[in-house]
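Everything below concerns the one structure shown next.
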Amino acid sequence: MTKMKELDNQTNRSNSAQQSLVIGLFFSCIALVGSLSILQSIGLLSGDLRYAIQHYDLAFHFSFAFILGFTATLASKVTGKPFLRLLLLLMLIDEFSQIWIPSRQFSWVDLSCNIFGCLGGVLLYQVSFFFSKDLK
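Laid out in structure tokens, this is it:
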């Protein structure tokens, strides 16, 4: 009986560590993307990074949203919390807030890239989860 309890405790600790790692990864991605957005808004990006963001804007929007969509889905599945809803809300707030920031401008194309990138990350997670279940 004590062997079973010990095994359950180890499993619970492992799940807790996995949850912490996934949540940390998700919020680290949000912090990175949010920091880049804020730095661009206040004009503190270095020349090369500013050039890259200005010229590869749609690729950045899609790529970061893709990564965030994947990690949000992973965090939601691991913890049961609705991180994907939080992510979509933050994306909407970020893009619509640019209406009132003089150095930025709102773009439906950017918002679309964010949403499609996020959905692409969710889809990748779902497909990889589906195939990993088939392999077991």
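In numbering that gives the first Met the number 0, the protein residues as written are 0 to 135. Beta carbons: idealized from backbone N, C-alpha and C, even for Gly.
Mark residue i as exposed unless 16 or more other C-beta atoms lie within 10 angstroms of its C-beta, in which case mark it buried.
i    : result
A16  : exposed
Y50  : exposed
F130 : exposed
A74  : buried
A58  : exposed
D109 : buried
I66  : buried
F105 : exposed
F128 : exposed
V126 : exposed
Less than 9 Å between the C-beta atoms of residue i and residue j, yes or no?
i    : j    : result
K76  : Y124 : yes
G116 : F63  : yes
N113 : F61  : yes
G120 : A71  : yes
S102 : I41  : yes
Under DSSP, the alpha helix (DSSP H) around residue i begins and ends at which residues?
i   : result
S96 : 82-96
With DSSP collapsed to three states, give me the class of residue i.
i    : result
W107 : helix
L67  : helix
I37  : helix
G23  : helix
G46  : helix
I114 : helix
Y124 : helix
I29  : helix
G79  : coil
S15  : helix
S102 : coil
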